[in-house]
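Residue numbers (the numbering used here), protein chains in the order written: chain Z, 1060 to 1503; chain S, 1060 to 1503.
Yeah, the Cβ is synthetic: ideal placement off N, Cα and C, and Gly gets one too.
Here the structure is a predicted model, which means the values were calculated and not measured.
Please read the structure below before turning to the comments.
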């Protein structure tokens, strides 16, 4: 008989993992707390759209879903910065042809669940809330839609139940479990720029829009129907804080002053502002991620990160790929599978968590800064002139399968190199191979 | 009518706080999970003895307990390092007359509870376990010895219920509560060197003994009855790890090889080793420490630290002093009392947490190192020659009321100064005021 795997959480990571494990022939049960997203058009919780890039596409390609998902996606080849006066500045994310892809979380999750449902060895349960995990008996207990309790025995349990995972709670109660949750001082609220008369985009379609304002910012991502999902990121407290925007008049004045070009496109601004929740942003780190050969955590359950590098889903999908590779290498030694998986992924999850927090400050503050744009200009020239030698942190993170740790370290080295060029006042010598030869050691 | 204060946890911080609050005239209820330590000689949990120093003594002096406690304490003026061959090296902690004091946790707690019991406005409940806190109704719920539930209403609730505080659990469930628990890779086990024939000390009485062995160490603190409490600190796993010491033969061989001078004084070594638990060491950080004007966390409940700087109790006692000063300044504005308290204490709790982890590596590894001892020698000379200008990190932390943050920062500056003297090969110029005048800016 095939080994049984219980996956707790049918979001993006859980449904992708179910497919990977089914392809290996395991008997998979997938439990999701929420109702079936195929029957419920309104997708509750979490952000509406996501930026799918190389790592995520790599994971989808292995189950043949990449092309179909890209068909519904909108490529964003760069950032479009909006100044207070409405001036636009465009900065490409990578080279010609490189782009991140705006996809709908709900649609992607639905596609994954539909594909999972085609496998005879996957059983999906919705409205099933994990209320206990008993590792001595390999049991998961779920509260089902009718209020009954369902006890499920399996060989392995994998927790993909998100930042506030019930499965992780079980590990937290044990001794020597390292854990941290750190909230950003900034929260977020989703707003909307609707499509124009003929479902037309009222701003540039192929870019991620940013209104950087130092201590706060707004961003907008395009959706296939012609609308943009806007997100205001802002401190909870303080002069420019959500707590201060407590009347319609204040909201209108604040937007008119700070985002005048956007506010003209936001007819439902004040309604949305007071209807939509203000949500918090948390980084969760923990270790170990596994308990013997019984339980493993994956995705946000192991490493929730803030959204500013657009890597949350991409990182979680890469978890699945790496885990699957460990199964390929070490099965049926599950202790080894679990241990190798956590050792390979933990440093990378830590790296992207730190990169994501850093990127908030870059997006909100630095992208409007002259010195920063000058550095980005030098970086762009280096990438163009020496594509094999110079890879930007953004490129390594977003458009490569190099590890996040490598991207983090290489980014620091890149910064030292560019600082040196600026200190040498050698911007015009970048094309000079002899000059550059004296500097490449900084990247080693 | 006087305001009611409920204190959850009757350990060292809770019982001290009860007295401070009673002196201000509040009606105090103190709830302790364990039985009355005055009736139970065996004191369960936590380490047996503690190092009381300036901050702790300052807190005790304000309630007139310092002299009485010092009468039962054993001053330790320095560290006594034991090499594998049994060679001894002595290093004073501070100046002539400065010492840390070995005190019994049980005796100190008993004295505090006895003093608390003398106040008519303090009521103490033992065997009362906090099972819920309802902040909307200002209620604490306790499970009493007979299994009944007791609901207690009060104006303020203060959680002094330790590293795994039930009161903190309530705050953790809310949004935007930053929290981390980090376990050291090292655990500990308590052992004993009994007194000699006439209750005599079999090693130097006035020192904290250390057997530094790099990746592990043993320490010993003197007790008034002539015995020493030994603690072995060692990784859980690995070649030199607790997991490896799983037979009497291995334990005996390990001690004979690594602590031969101590093992000769430890007749019950193997029994103690397999009877006493191996415990873990955790650093807990969190924020905020308060919820409006209703609940405040104090002591280990707010900031559990590892024991290597001997400051856990001293830091918690200083919390009480600072909180009391906030009450004096801002009462009856409790929102302000709570907020000022957390703002004043949080950076210092973080600083001593980091200093305590650093000190593990210093004690286990560096104290046996020639370069380290050379630096300590220079430091000692600087302290002697320039007592007003040069204060060591240890002195600032242990023998002063300067903030822990200041001690942490000043320690880094001291290190830079000493590194510079060594780089200049100027050890013999320390007495040269002109040379030193060129360096003092490093401490600014």
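- Among the CB atoms of chain Z, none fall inside 8 angstroms of the CB of residue 1419 of chain S.
- Across the structure, residue 1335 of chain S and residue 1316 of chain S are spaced so that their CA atoms are roughly 22 angstroms apart.
- In this model, residue 1470 of chain Z and residue 1404 of chain Z are separated by some 19 angstroms (Cα to Cα).
- Within chain S, the residues whose beta carbon sits less than 8 angstroms from that of residue 1240 of chain Z are 1236, 1237, 1238 and 1239, listed in sequence order.
- Counted as a single uninterrupted DSSP element, the alpha helix (DSSP H) harbouring residue 1406 of chain S occupies residues 1393 to 1423.
- Here residue 1138 of chain Z really is in contact with residue 1269 of chain Z; their C-beta atoms are around 6 angstroms apart, less than 8 angstroms.
- Taking the Cα positions, residue 1124 of chain S is about 43 angstroms away from residue 1311 of chain S.
- The segment 1393 to 1402 of chain S and the segment 1438 to 1455 of chain S do not touch, with fewer than 3 CB-CB distances between them shorter than 8 angstroms.
- Spatial neighbours of residue 1192 of chain Z in its own chain (CB-CB distance under 6 angstroms, excluding positions within 5 residues in sequence) are listed in chain order as 1199, 1226 and 1229.
- Residues of chain S with a Cβ closer than 8 angstroms to the Cβ of residue 1339 of chain Z are, in chain order, 1234 and 1235.
- Scanning S:1115, S:1126 and S:1158 for the CA closest to the CA of residue 1136 of chain S turns up S:1158.
- The beta carbon of residue 1349 of chain Z sits closer than 8 angstroms to the beta carbons of 1355, 1356, 1397, 1398, 1400 and 1401 from its chain, once the five residues preceding and following it are set aside; these are given in chain order.
- Secondary structure of residue 1365 of chain Z (DSSP, three-state): coil.
- The straight-line gap separating the alpha-carbon atoms of residue 1408 of chain S and residue 1362 of chain S is approximately 6 angstroms.
- An exposed status is given to residue 1084 of chain Z, since fewer than 16 other beta-carbon atoms sit within 10 Å of its beta-carbon.
- For residue 1360 of chain S and residue 1278 of chain S, the gap between their C-alpha atoms comes out near 26 angstroms.
- Taking C-alpha positions only, residue 1353 of chain Z is separated from residue 1215 of chain Z by approximately 5 angstroms.
- Leaving aside the five residues that flank residue 1122 of chain S on each side, the residues in its chain whose CB is nearer than 8 angstroms to its CB run, in chain order, 1075, 1078, 1079, 1082 and 1174.
- Judged by DSSP in its simplified three-state form, residue 1186 of chain Z adopts coil rather than helix or strand.
- Following the DSSP letters along the chain, one finds residue 1452 of chain Z inside the alpha helix (DSSP H) bounded by residues 1452 to 1457.
- In the three-state reduction of the DSSP assignment, residue 1214 of chain S falls in the coil class, being assigned neither a helical nor a strand state.
- Rounded to whole angstroms, the gap between the alpha carbons of residue 1304 of chain Z and residue 1318 of chain Z is 15 angstroms.
- Put simply, the backbone Cα of residue 1204 of chain Z is about 52 angstroms away from that of residue 1306 of chain S.
- Contact annotation: residue 1140 of chain Z and residue 1129 of chain Z have beta-carbon atoms that are not nearer than 8 angstroms.
- For residue 1201 of chain S, the closest C-alpha among the options S:1195, S:1210 and S:1194 is that of S:1210.
- Collapsing the DSSP output to three states places residue 1140 of chain Z in a strand.
- Taking every protein chain shown into account, the CB of residue 1341 of chain Z has 16 or more other CB atoms within 10 angstroms, so this residue is buried.
- In the DSSP assignment, residue 1344 of chain S falls within the unbroken beta strand (DSSP E) covering 1341 to 1346.
- The DSSP-derived three-state label of residue 1384 of chain S is helix.
- Cβ contact annotation for residue 1107 of chain Z (same chain, cutoff 6 angstroms, sequence separation greater than five): 1288, in chain order.
- For the options S:1339, S:1448 and S:1161, the alpha carbon positioned closest to that of residue 1291 of chain S is the one of S:1339.
- A residue is called buried once 16 or more other Cβ atoms fall within 10 Å of its Cβ, and residue 1219 of chain S is buried on that count.
- Apart from sequence neighbours up to five positions away, no residue of its chain approaches residue 1144 of chain Z with a beta-carbon distance below 6 angstroms.
- Beta bridge pairing from DSSP links residue 1271 of chain S with S:1276.
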